[in-house]
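Those protein sequences? They're chains A and B, same order as listed. If you read the first sequence in the numbering used here, its first letter stands for residue 282, the second for the next number, and so on. If you read the second sequence in the numbering used here, its first letter stands for residue 30, the second for the next number, and so on. Everything on this sheet refers to the single structure shown next.
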Amino acid sequence: RKEVEQDPGPFNVPEGATVAFNCTYSNSASQSFFWYRQDCRKEPKLLMSVYSSGNEDGRFTAQLNRASQYISLLIRDSKLSDSATYLCVVNRGNTGFQKLVFGTGTRLLVSP
Amino acid sequence: DTGVSQDPRHKITKRGQNVTFRCDPISEHNRLYWYRQTLGQGPEFLTYFQNEAQLEKSRLLSDRFSAERPKGSFSTLEIQRTEQGDSAMYLCASSISPGRTSGNTIYFGEGSWLTVV
């Protein structure tokens with residue numbers, strides 16, 4: 282079993298739709314949590330950090346449930362430019378450094 | 030461009046040859062990481078440097094792999110006697126210690142694509 286599990290998709294949605302991605306992680310010692318976005322054949326880029334209290338950045342909302350070891354990302358009013366792979370990431374490092382563990386990613390395709 | 034820089038961006042090599050990738054981190058970033066990403070998978074951690082010290086290595090980093098960061102600035106990742114299974118994108122990333130104004134966000138380079146034929 283992978284340490285970070287995600288549905289690979291693809292999720293095909295029309296413009297304007299709301300779409301939700303989930304992931305689960307197995308290591309309860311994980312320190313911090315993120316969503317990264319990766320375009321085809323490009324490097325991953327940080328989309329947002331994820332906190333237990335939930336956090337929002339424009340059309341994006343992320344949520345962490347430590348008890349269930351579950352992380353979610355909600356995208357409202359999808360845009361064509363949101364088409365990408367969304368990587369769920371946990372940091373297993375100690376305070377000395379960040380050791381990021383990535384899920385396989387969930388592919389999103391937004392169509393006109 | 031002041032981001033993480035990697036060179037070469039693409040490399041095709043014959044099985045058994047050695048290859049070396051270079052990474053120049055963001056200036057003043059004391060932490061440097063190497064990751065590997067194969068098709069359909071997320072990036073996997075390979076190794077981590079703080080300044081010139083290599084502080085952690087993944088079990089994925091076999092004896093054929095060696096990474097260095099001799100002066101605490103740029104880093105190299107060498108793969109000896111390449112195998113077809115080494116074909117992947119090799120990502121370098123850098124960050125700064127927590128507590129500094131930039132926080133500890135990890136910034137990735139554009140990656141070096143390796144194809145072993």
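Using N, Cα and C, we set each Cβ at its ideal position, and we do this for glycine too.
For the segment 316-328 of chain A, the set of residues with a beta-carbon nearer than 9 Å to any beta-carbon of chain B comprises Tyr317, Gln319, Arg322, Lys323, Glu324, Pro325, Lys326, Leu327, in chain order. With respect to the C-alpha of Lys100/B, the residue from Pro37/B, Thr42/B, Ile108/B, Cys52/B having the closest C-alpha is Cys52/B. For Leu120/B, the residues of chain A that pass the 7 Å Cβ criterion are Glu324, in the order they occur in the chain.
With a threshold of 16 other beta carbon atoms within 10 Å, Asp358/A falls short and is exposed. Burial is judged here by how many other beta carbons sit within 10 angstroms of a residue's own beta carbon; Gln287/A has at least 16 and is buried.
In the pairwise beta carbon analysis, the segment 76-93 of chain B is classified as not touching the segment 288-295 of chain A: fewer than three pairs are separated by under 8 Å.
Burial is judged here by how many other beta carbons sit within 10 angstroms of a residue's own beta carbon; Ile352/A has at least 16 and is buried.
Taking each of Val382/A, Arg388/A, Pro393/A, Tyr317/A in turn and checking the Cα distance to Ser307/A, the smallest one comes out for Val382/A.
Segment contact: the segment 332-346 of chain A against the segment 63-81 of chain B, fewer than three CB-CB distances shorter than 8 Å; contact not assigned. By the neighbour-count criterion, in which 16 or more other beta carbons inside 10 Å mark a residue as buried, Asp320/A falls on the exposed side. Leu354/A is positioned such that its CB atom lies closer than 7 Å to that of Ala343/A. Under the Cβ distance rule, Arg51/B does not count among the residues neighbouring chain A, no pair being separated by less than 7 Å. Taking the C-beta atoms as reference points, Val146/B is found no nearer than 7 Å to Ile108/B. Legend: CB atoms of the segment 100-117 of chain B lying less than 7 Å from CB atoms of chain A are not found in any residue. With respect to chain B, the C-beta atom of Lys380/A has a partner C-beta closer than 7 Å. Interface annotation, Gln46/B: not in contact with chain A, CB-CB separation never under 7 Å.
If you keep only unbroken beta strand (DSSP E) runs of at least 3 residues inside the segment 282-360 of chain A, you get 285-287, 292-295, 300-306, 313-319, 326-331, 336-338, 341-346, 351-356. Chain order gives no chain A residues near Leu75/B, where near means a beta carbon separation below 9 Å; the closest approach is about 11 Å. No residue range can be given for His58/B, since it is assigned to no beta strand (DSSP E) and is classified by DSSP as neither H nor E.
Among the residues facing chain A, Gly140/B is included, as its CB has a counterpart in that chain under 7 Å away.
Interface annotation, Thr134/B: in contact with chain A, CB-CB separation under 7 Å. Distance between Leu106/B and Glu97/B, taken at the CA atoms: about 7 Å.
Closer than 7 Å to the CB of Thr387/A there is not a single CB belonging to chain B. Within its own chain, the residues whose Cβ lies closer than 7 Å to the Cβ of Leu345/A, once the five positions on either side in sequence are excluded, are Phe314, Val331, Tyr332, Ser333, Ile352, listed in chain order.
For Pro72/B, the residues of chain A that pass the 7 Å Cβ criterion are Pro325, Phe383, in the order they occur in the chain.
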